[in-house]
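Notes to accompany the following structure.
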Amino acid sequence: MSEQGVTPQSVDFSAWYNDIVVKADLVDNPERTPVRGCMIIKPYGYELWEAIRQGLDKRFKATGHQNAYFPLFIPMSFLQREAEHVEGFAPELAVVTHGGGKELEEPYVVRPTSETIIGDAMSRWIQSYRDLPLLLNQWANVVRWEKRTRPFLRTSEFLWQEGHTAHATYEDAQAETLRMLDIYAEFAIHEAAIPVIKGQKSEQEKFAGALASYTIEAMMGDGRALQAGTSHNLGQNFAKAFNIQYVDESNKLQYCWTTSWGVSTRMIGAIIMAHGDDKGLRLPPRLAPIQVVIVPIYRNDDEKSRVMPVVERLAAELQDAGLRLHVDRRENLSPGFKYNDWEMRGVPVRLEVGPRDVDNNKAALARRDILGKEGKQFVDQAGIVDTVRQLLEDIQASLLRQATEFRDGRLHEVVGDYDRFIDIIRGGEWALTWFSGDAEGEAKIKADAQAVSRCFPLEQPYAGESGPCIVTGQMTDRMAYFAKAY
RNA sequence: CGGGGUAUGGCGCAGUUGGUAGCGCGCUGUGUUUGGGACGCAGAGGUCCUCGGUUCGAGUCCGAGUACCCCGACCA
63 MSEQGVTPQS VDFSAWYNDI VVKADLVDNP ERTPVRGCMI IKPYGYELWE AIRQGLDKRF
123 KATGHQNAYF PLFIPMSFLQ REAEHVEGFA PELAVVTHGG GKELEEPYVV RPTSETIIGD
183 AMSRWIQSYR DLPLLLNQWA NVVRWEKRTR PFLRTSEFLW QEGHTAHATY EDAQAETLRM
243 LDIYAEFAIH EAAIPVIKGQ KSEQEKFAGA LASYTIEAMM GDGRALQAGT SHNLGQNFAK
303 AFNIQYVDES NKLQYCWTTS WGVSTRMIGA IIMAHGDDKG LRLPPRLAPI QVVIVPIYRN
363 DDEKSRVMPV VERLAAELQD AGLRLHVDRR ENLSPGFKYN DWEMRGVPVR LEVGPRDVDN
423 NKAALARRDI LGKEGKQFVD QAGIVDTVRQ LLEDIQASLL RQATEFRDGR LHEVVGDYDR
483 FIDIIRGGEW ALTWFSGDAE GEAKIKADAQ AVSRCFPLEQ PYAGESGPCI VTGQMTDRMA
543 YFAKAY
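Going from the first sequence to our numbering is simple: count from 1 and add 62.
Here it is, written out as structure tokens:
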């Protein structure tokens, strides 16, 4: 039993996570992957990424963005043009010094992100205000040399999308930054069933080279925070570094205002840790590669010949209805083994069809979010599509509700009481408090609680009011969340 | 980059005093099984991380190297 399961969350959440990514067949065992810090994403894990990708891509297109592709290699000098940017990324760059057997005149950096090379292209593509806004997105891999890696959460190479846009005014760029943050939040909540908090990063935590960075912060099953997506208003920093200019209506030359925003394979880690339990993954139906698995049950050829036609008929109905379905036809594995196997993989709904069901025109329907007998019901074969559809919607809502209740029970508002504030964070929960946002205050909290600010939430509970900064005691006008983070 | 550890079949491990390399799982074949993690029988599978040394003889002892893992400082 324990050999086939995962380490319980309560015993060691980190070991639970490491077990689950392998046993749910999302990635190859990281210890066997030949390239340090990089992932082999297996088909089941990649299908999950594809679902995320489709959900986001659809939303980007609907808001006027177009996909393009830029080189993997970026001239080193490009990075150096934006001082803060190169400083931020220098420690984690992979650099190509040789090509075709010869040393390169100028080393190439393997892109850690593409602001620079896209900025360079934008400078050539944009001339007039009529060219604006320019709304681009790229689906790509990027490389950031990491010392300590974990599948999906932090790897040296990861997959993501990076949106890059150019606008005529600060206001337009700011609106775009927040619009994409909204899209990320809407996607996280409605597709991934993860309640997220939208907020602004502190000066210390913002993207290297940005004017302002925004984030969606999610709470994982151990209470820690995970940044699940970011959106940056880059101001004119990159426009000035790369000469992204346009002539306005009155024929005056102006610098553009640019943005960038990204969601990565880390979102998979968020889904695992927001919903998973000791039986394995629990995937939100809207993103699950397999929404329904059918397990046929029979003891001999006679029963098999009675059961399989019903299985095939139900499978065809569900598939024709557009549901993502799999029939587990493996021989020599007991039904019990298969139940556990699909539970490990997080399939939301399991349909069992055995001889008794065939006789009664029924099928057993089990839901992943409620284990055991309570989650199992015998339903009519007639109308199976509607029944399953309804159940999938229930599960989607149930996962979001569970994650929201879990999170809300661990959010605490603290005013003035620094010791309590530190205790909450150290206890693995989130503290919302007045914070002036300065570097020294953040460093003190980091030293005391091993945590930094997650964000200043956009929805401030006391908007327009002020309170005493948790560190300095001086009045300030915004509250911030603090929590241990991934 | 500092501290600790590991390296033996696909995976997890054992291997005594230096003397023919083993167990569990998995895998292949076969028969019985199958409504919550089935079992019997028969098989396949090894450069014991690498290089060097000691020895009649090294998985085991010595030296060097390499790789990986875990814990701390930086990060979508």
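Yeah, the Cβ is synthetic: ideal placement off N, Cα and C, and Gly gets one too.
Exercise for the section: Count the CB pairs spanning the segment 348 to 366 and the segment 393 to 402 that are closer than 8 Å, and state whether there are at least three. Expected result: By the Cβ criterion, the segment 348 to 366 is in contact with the segment 393 to 402, since at least three pairs of Cβ atoms, one from each stretch, lie closer than 8 Å.
Practice task
Spell out the partners DSSP gives Leu475 in its beta bridges.
Solution key: Within the first sequence, the letter at position 413 stands for residue 475. According to the sequence shown, residue 475 is Glu rather than Leu. Listed as beta-bridge partners of Glu475 by DSSP are Leu494.
Practice task
With Phe151 as the anchor, note down where its alpha helix (DSSP H) starts and where it stops.
Solution key: As a first step, residue 151 must be located in the first sequence, where it is residue number 89. Start and end: Ala145 to Phe151.
Exercise for the section: Throw me the rounded Cβ distance for the Arg472 and Glu491 pair, which I believe falls under 8 Å. Expected result: Mapped onto the first sequence, residue 472 falls at position 410. Mapped onto the first sequence, residue 491 falls at position 429. Going by Cβ atoms, the distance from Arg472 to Glu491 rounds to 4 Å, so yes, they are a contact pair.
Practice task
Go ahead and pull the three-state DSSP assignment for Met281.
Solution key: The residue you call residue 281 lines up with position 219 of the first sequence. When secondary structure is reduced to three states using DSSP, Met281 falls in the strand class.
Exercise for the section: Can you tell me the Cβ-Cβ gap for Ser293 and Thr239, rounded? I've got them flagged as a contact below 8 Å. Expected result: Here residue 293 corresponds to residue number 231 of the first sequence, with the count starting at 1. Here residue 239 corresponds to residue number 177 of the first sequence, with the count starting at 1. 5 Å between Cβ atoms; contact.
Handout entry: In chain order, each alpha helix (DSSP H) run of at least 4 residues that lies wholly inside the segment 405 to 482
Key = For the segment 405 to 482, whole alpha helix (DSSP H) runs of length 4 or above, ordered along the chain, are 417 to 422 and 446 to 470.
Problem - Asn80 to Asp284 span [Cα, whole Å] - result: Stepping through the first sequence from its first residue, residue 80 is reached at position 18. Stepping through the first sequence from its first residue, residue 284 is reached at position 222. Just so you know, the alpha carbons of Asn80 and Asp284 end up roughly 14 Å apart.
Exercise for the section: Determine contact between the segment 252 to 264 and the segment 510 to 519, defined as no fewer than three beta-carbon pairs at a distance below 8 Å. Expected result: Yes: at least three Cβ pairs fall under 8 Å.
Exercise for the section: Would you identify the three-state DSSP class for Phe518, choosing helix, strand or coil? Expected result: The residue you call residue 518 lines up with position 456 of the first sequence. Strand.
Problem - Three-state class that DSSP yields for Ser139 in the structure shown - result: Position 77 of the first sequence, counted from the first residue, corresponds to residue 139. In the structure shown, Ser139 falls within a helical segment according to DSSP collapsed to helix, strand and coil.
Practice task
Determine, using beta carbons only, whether Val411 and Leu461 come nearer to each other than 8 Å.
Solution key: Translated into positions along the first sequence, residue 411 becomes position 349. Translated into positions along the first sequence, residue 461 becomes position 399. Cβ atoms of Val411 and Leu461: not closer than 8 Å.
Exercise for the section: Kindly identify the DSSP beta-bridge partner or partners of Pro530. Expected result: Numbered from 1 along the first sequence, position 468 holds the residue referred to as residue 530. Answer is Met537.
Problem - Asp339, DSSP secondary structure in three states - result: Counted from its first residue, the first sequence places residue 339 at position 277. DSSP places Asp339 in the strand class (E or B) of the three-state scheme.
Exercise for the section: Pull up the CB-CB distance for Glu279 and Val309, whole angstroms please, since I reckon it's below 8 Å. Expected result: Stepping through the first sequence from its first residue, residue 279 is reached at position 217. Stepping through the first sequence from its first residue, residue 309 is reached at position 247. Going by Cβ atoms, the distance from Glu279 to Val309 rounds to 40 Å, so no, they are not a contact pair.
Problem - Collapsed DSSP secondary structure at Ala545 in the structure displayed - result: For the purposes of this step, residue 545 is identified with residue 483 of the first sequence, where counting begins at 1. DSSP, read as helix, strand or coil, puts Ala545 in strand.
Practice task
Look up Gln316 in the DSSP assignment and say whether it is helix, strand or coil.
Solution key: Here residue 316 refers to the residue found at position 254 of the first sequence. Assignment of Gln316 by DSSP, reduced to helix, strand and coil, places it in the strand class.
Practice task
For Asn295, name the three-state secondary structure that DSSP assigns.
Solution key: As a first step, residue 295 must be located in the first sequence, where it is residue number 233. Correct three-state label for Asn295: strand.
Practice task
Run through the segment 203 to 271 for me and flag every whole alpha helix (DSSP H) of 4 or more residues, listed as ranges in chain order.
Solution key: Segments of the alpha helix (DSSP H) lying fully in the segment 203 to 271: 232 to 252.
Exercise for the section: Would you kindly report the start and end of the unbroken beta strand (DSSP E) that includes Gln307? Expected result: The sequence position of residue 307 within the first sequence is 245, counting from 1. Here the beta strand (DSSP E) through Gln307 covers Gln307 to Val309.
Handout entry: Spatial distance of Lys424 from Val372 (CA atoms)
Key = The residue labelled residue 424 in the question sits at position 362 within the first sequence. The residue labelled residue 372 in the question sits at position 310 within the first sequence. One C-alpha to the other measures close to 10 Å.
Practice task
Return the residue from the list Glu144, Leu376 and Leu196 that minimises the CA-CA distance to Asp442.
Solution key: For the purposes of this step, residue 442 is taken as the residue at position 380 of the first sequence. Distance from the Cα of Asp442 is smallest, within the candidate group Glu144, Leu376 and Leu196, for Leu376.
Problem - Contact belief for Gln266 with Glu504 at Cβ below 8 Å, rounded distance in angstroms - result: As a first step, residue 266 is located in the first sequence; it is residue number 204 there, counting from the start. As a first step, residue 504 is located in the first sequence; it is residue number 442 there, counting from the start. Rounded, the Cβ-Cβ distance is 5 Å, consistent with contact.
Exercise for the section: Note the first and the last residue of the continuous alpha helix (DSSP H) segment covering Glu165. Expected result: Here residue 165 corresponds to residue number 103 of the first sequence, with the count starting at 1. Per DSSP, Glu165 belongs to no alpha helix (DSSP H); it is in the beta strand (DSSP E), Lys164 to Val172.
Practice task
Excluding the 5 residues preceding and the 5 following Trp222 in the sequence, name in chain order all residues of the same chain whose CB lies nearer than 6 Å to its CB.
Solution key: As a working note, residue 222 is residue 160 in the first sequence. If the five residues before and after Trp222 are omitted, its C-beta is found closer than 6 Å to the C-beta atoms of Gly324 and Ser326, all from its own chain and listed in chain order.
Handout entry: Secondary structure of Ser176, DSSP reduced to three states
Key = Looking up residue 176 in the first sequence gives position 114. In this structure, DSSP gives Ser176 a state outside helix and strand, which the three-state scheme calls coil.
Problem - Own chain, CB closer than 7 Å to Thr466, minus 5 neighbours either side, in chain order - result: Counting from 1 along the first sequence, the entry for residue 466 is found at position 404. Cβ within range, chain order: Pro257.
Handout entry: Under 8 Å between C-beta atoms of Ala77 and Met406
Key = Within the first sequence, residue 77 is the residue found at index 15, counting from 1. Within the first sequence, residue 406 is the residue found at index 344, counting from 1. The Cβ atoms of Ala77 and Met406 lie no closer than 8 Å to each other.
Problem - Proximity winner among Ala301, Ile330 and Ala152, relative to Leu141 (alpha-carbon distances) - result: One-based indexing of the first sequence puts residue 141 at position 79. Comparing C-alpha distances from Leu141 to each of Ala301, Ile330 and Ala152 shows the shortest one belongs to Ala152.
Handout entry: Candidates Ile507, Ser498 and Ala255: closest to Leu345 by CA position
Key = As a working note, residue 345 is residue 283 in the first sequence. Nearest to Leu345 by alpha-carbon distance, out of Ile507, Ser498 and Ala255, is Ala255.
Problem - Asp81, DSSP secondary structure in three states - result: On the first sequence, position 19 is the one that residue 81 refers to. Helix at Asp81.
Handout entry: For Lys341 and Asn402, the rounded distance between their alpha carbons
Key = As a first step, residue 402 must be located in the first sequence, where it is residue number 340. As a first step, residue 341 must be located in the first sequence, where it is residue number 279. Counting only the Cα atoms, Lys341 lies some 8 Å from Asn402.
Exercise for the section: Name the two residues that bound the continuous beta strand (DSSP E) containing Val68. Expected result: For this step, residue 68 is matched to residue 6 along the first sequence. Note, Val68: premise wrong, no beta strand (DSSP E); not H, not E.
Handout entry: Close Cβ partners of Gly28 (< 8 Å) along its chain, the five nearest in sequence each way excluded
Key = Because the chain in this structure spans residues 63 to 548, residue 28 falls outside the shown range and cannot be described.
Problem - C-alpha gap between Ile532 and Thr538, whole angstroms - result: Within the first sequence, the letter at position 470 stands for residue 532. Within the first sequence, the letter at position 476 stands for residue 538. CA-CA distance, Ile532 to Thr538, rounds to 10 Å.
Practice task
Over the uninterrupted alpha helix (DSSP H) stretch that includes Ile507, give me the two end residues.
Solution key: For the purposes of this step, residue 507 is identified with residue 445 of the first sequence, where counting begins at 1. Segment Ala501 to Ala511, the alpha helix (DSSP H) holding Ile507.
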